[in-house]
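One point on numbering: in my numbering, the residue at position 129 of the sequence shown is 146, and numbering is uninterrupted. What follows is one structure encoded as structure tokens, with my remarks underneath.
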Amino acid sequence: MVFSKIIFSFIIIIIQFSPLFAQTPNDNLRIITVTQGDSLIKAGICYTYPKEIPKTQALFYWYFSGKIHRNCGSYSGKPLHDKYEAFDKNNNLIEQGRFNYGLKQGTWAKWYSNGIRKEISNYKNGIKEGENLLYNEKGFLISKETFRKGVVHGKAFYYSKDTTLFKEYKDGNEVIVKTKSQNKSSKKKKASIVRLDKETEENSIIQKDSIPTIPGAKKTILNFGRKTKIEKKQD
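Set out below in structure tokens:
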């Protein structure tokens, strides 16, 4: 019994110190801690990365000389990679997400200093793509937008205390949407204008044959719509 325990302990020691079973750290990835402004940032940086930088106008985030920088379309130094976290001066988590060789990727979240959710956004290769939600400091949803290729596209909702504003966008530009009720009212208005024009035209035409002839009378025609008045001459 004692001998079996010794053998078992010996096997455990071999496994722990054997290069075959040892967990080697990722030499390509390093975790940095940087203070920028009032924020403390913890992020991963990558030491090896693709030789060719993707052709994009998205923002690249990179690390150099103790600071995190960002540039549109290119970078220098070591690109941010994997997990990213930012904290305020009271060590409250205010932002969290992931990078893929300097570009934001996947779902990103932001919080107010009181811990209330501030924003939920989605990225694809550094560009906003998909649903984007904004909240106020009390945690109430104030806007719901959909992004495509970095700009608002499709239906968007904006919420206040008593109202909900609906808008629609196409490639970042607002589209004026007419409701069915607006279309019907405009058609009715147009039809009424046509009828009025027709009646006016009919009333303005007075056939000569329709005016009676009175011997010795002075004809004075007064047009009041469809009525015609004839005054008799005084002898």
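Where a beta carbon is used, it is the ideal one built from N, C-alpha and C, also for glycine.
- Across the structure, TRP128 and TYR66 are spaced so that their CA atoms are roughly 31 Å apart.
- Residue pairing of ALA173 in beta bridges, as defined by DSSP: LYS184.
- Judged by DSSP in its simplified three-state form, PHE157 adopts coil rather than helix or strand.
- Secondary structure at GLU191: strand, using DSSP grouped into helix, strand and coil.
- Only exposed fits ASN108, as fewer than 16 other CB atoms lie within 10 angstroms of its CB.
- Note on CYS63: 16 or more other CB atoms within 10 angstroms of its CB, so buried under the neighbour-count rule.
- The criterion of a C-beta distance shorter than 8 Å is not satisfied by GLY143 and THR163.
- Setting aside the 5 residues that flank it on each side, GLN53 is surrounded in the same chain by LYS84, ILE85, each with a C-beta closer than 8 Å to its C-beta; the list follows chain order.
- Between SER130 and ASP105, the gap from beta carbon to beta carbon is short of 8 Å.
- Annotation: ILE111 to TYR101 spans about 11 Å, alpha carbon to alpha carbon.
- In the structure shown, PRO71 adopts coil according to DSSP, grouped into three states.
- DSSP places LYS100 inside the beta strand (DSSP E), whose first and last residues are 95-104.
- Annotation: LYS72 to ASP188 spans about 20 Å, alpha carbon to alpha carbon.
- Under the 10 Å beta carbon count, GLY156 is surrounded by fewer than 16 other beta carbons and is classified as exposed.
- By the Cβ-count criterion, ASN139 is buried, with 16 or more other Cβ atoms from all chains shown falling within 10 Å of its own Cβ.
- Only residues of its own chain outside the window of five on either side were considered, and among them ILE70, PHE77 have a CB closer than 8 Å to the CB of SER91, listed in chain order.
- Spatial neighbours of LEU182 in its own chain (CB-CB distance under 6 Å, excluding positions within 5 residues in sequence) are listed in chain order as TYR175.
- DSSP lists no bridge partner for LYS135.
- By the 16-neighbour rule on beta-carbons within 10 angstroms, GLY123 is exposed.
- In the three-state reduction of the DSSP assignment, GLU146 falls in the coil class, being assigned neither a helical nor a strand state.
- For the pair LYS172 and PHE81, the Cα-to-Cα distance works out to about 40 Å.
- Around ARG115, the same chain offers ASP99, LYS100, TYR101, GLN122, GLY123 as residues with beta carbons nearer than 7 Å, after the five sequence neighbours per side are excluded.
- Per DSSP, reduced to three states, the secondary structure at LYS59 is strand.
- For ASN117, the uninterrupted beta strand (DSSP E) segment begins and ends at 110-117.
- Our two residues, ARG47 and GLY61, have alpha carbons roughly 5 Å apart in a direct line.
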